[in-house]
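Letter by letter, the sequence shown follows residues 631 to 902 of my numbering. We put the CB at the ideal spot given by N, CA and C, even for glycine.
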Amino acid sequence: MKNYILYFLLLMTFTACDSVDSTYNTFPEGEKDHTFSNYDKATTKHLDWNAEIDFDKQQIQATAKWTFENNGTDELVLDINKLEIQKVMVGGKEVKFEIKNKNSVEGDALVIPIAKEDTEVEITYNTTKDGVAVQWLTAEQTAGKKMPYLFTQCESIYARTLVPCQDAPANRITYNATVKVPPGMMAVMSAKNPKEKNDAGIYTFEMELPIPTYLIALAAGDIEYKAIDERSGVYTEPIMLDKCAKELEDIPSMIAAAEKLGGPYPWGNYDV
């Protein structure tokens, strides 16, 4: 438990310190070893993600609209891996894209032609079963045995199997998302989250602080929320909710201890 608390305090300290200046203007040696993207020439800034989760096909159908800054190039290069790209729009017009540098580990380069004045690109695509970031559980594999479950793990270079992106920690982005799930389910992300299920199965999210793409996260299933205090709580299956809240009841005191070292916690709620 002591090691867990120490790790938590260190993580909170680095998070608080890192949030002071989210602009990363240098590109040191090695930053591009695992990305095909040209984030230093055309830099993605904000993602609007619209997605629908299909548990029968084990597939996410989505559009990713990126706002970017063009620093003097005629192409925007994004990382993709195990994604099926249907269409790419730049400035409201469909363009011909290329997929290059196919690599079994790092994936591919999605090369999109852009003009000097362009600032937005929209990509229509779907994930595939081979995408590393997206993990699917059947209902029988869950604690409650009622509904299937989805969760993602984008660290370290797997965000590109969830969304076309400039998948490098040097590039920080904000995002908004709308996610549709089957009736009776809830979706949650690494962002401002809903606290209750709704009948439509449509959930919206906002991450207003710039983060690297590997911190994008998504889960969906038979999920409910229980608050621990006014700024922390837990999401999990109903059958596990009380047990998990009890296990994590020390989070408020951990946050308070970390704030004494690193300053005010800048991310709103600390939900697990």
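Suppose the cutoff is 6 angstroms on Cβ atoms and the five residues either side in sequence are ignored; what does the same chain contact list for A681 look like? I690, A692 and V809.
Mind reading off the beta-carbon distance from I753 to I715? Whole number of angstroms is fine, and I expect it under 8 angstroms. Approximately 6 angstroms separates the beta-carbon atoms of I753 and I715; this is inside 8 angstroms, confirming the contact.
Give a yes or no on whether the C-beta atoms belonging to S862 and Y900 are separated by under 7 angstroms. Yes, the Cβ-Cβ distance between S862 and Y900 is below 7 angstroms.
M819 to Q783, Cα distance in whole Å? Distance between M819 and Q783, taken at the CA atoms: about 12 angstroms.
Rounded to a whole number of angstroms, what is the C-alpha to C-alpha distance between I858 and A763? Straight-line Cα distance between these residues: approximately 29 angstroms.
Flag this pair as touching only if the region 865-883 and the region 840-856 have three or more C-beta atom pairs under 8 angstroms; answer yes or no. The region 840-856 and the region 865-883 touch, with three or more beta-carbon pairs separated by less than 8 angstroms.
Does P743 come out as helix, strand or coil in the three-state DSSP assignment? In the structure shown, P743 sits in a strand (DSSP, three-state: E or B).
Any heavy atom of the ligand GTP within a distance shorter than 6 angstroms of the CB on K775? For the ligand GTP, the structure offers nothing, since it holds no ligand at all.
Tell me the residue span of the beta strand (DSSP E) that contains L848. Per DSSP, L848 belongs to the beta strand (DSSP E) from L848 to G851.
Identify whether C784 lies in helix, strand or coil by the three-state DSSP scheme. Collapsing the DSSP output to three states places C784 in coil.
Indicate the three-state DSSP secondary structure (helix, strand or coil) for A769 in the structure shown. Three-state DSSP puts A769 in a helix.
Span of the alpha helix (DSSP H) holding E877? L871 to E877 is the span of the alpha helix (DSSP H), which, as asked, contains E877.
In angstroms with no decimal places, state the Cα-to-Cα distance between L713 and A887. L713 and A887: Cα-Cα distance of roughly 42 angstroms.
I think V741 touches E724, with their Cβ atoms under 8 angstroms apart; what is that distance to the nearest whole Å? E724 and V741 do not touch by the CB rule: their CB atoms are close to 15 angstroms apart, not below 8 angstroms.
Expressed to the nearest angstrom, what Euclidean distance is found between the alpha-carbon atoms of W897 and M884? Taking the straight line from one Cα to the other gives about 15 angstroms.
Over the uninterrupted beta strand (DSSP E) stretch that includes P842, give me the two end residues. Annotation for P842: the continuous beta strand (DSSP E) segment containing it runs I832 to P842.
With respect to the beta strand (DSSP E) encompassing S862, which residues constitute its N-terminal and C-terminal limits? S862 -> beta strand (DSSP E) spans S862 to T866.
T674 beta carbon less than 7 angstroms from that of F698: It is a contact, given that the beta carbons lie within the stated cut-off.
What does the Cβ neighbour count give for G851, buried or exposed, with the cut at 16 atoms within 10 Å? It counts as buried.
Pick out whichever of K759, P840 and L848 has its Cα sitting closest to the Cα of A817. The option with the nearest alpha carbon to A817 is L848.
For S667, does the count of other Cβ atoms within 10 angstroms reach 16, so buried, or fall short, so exposed? Buried, because 16 or more other Cβ atoms sit within 10 Å of the Cβ of S667.
Given V864, which residues of its chain have a CB within under 6 angstroms of its CB, disregarding the five upstream and five downstream residues? Closer than 6 angstroms at the Cβ level, and outside the excluded window around V864, lie K856, C874, A875, L878 and V902.
Can you name the start and end residues of the beta strand (DSSP E) that L713 belongs to? First-last of the beta strand (DSSP E) with L713: L713 to V720.
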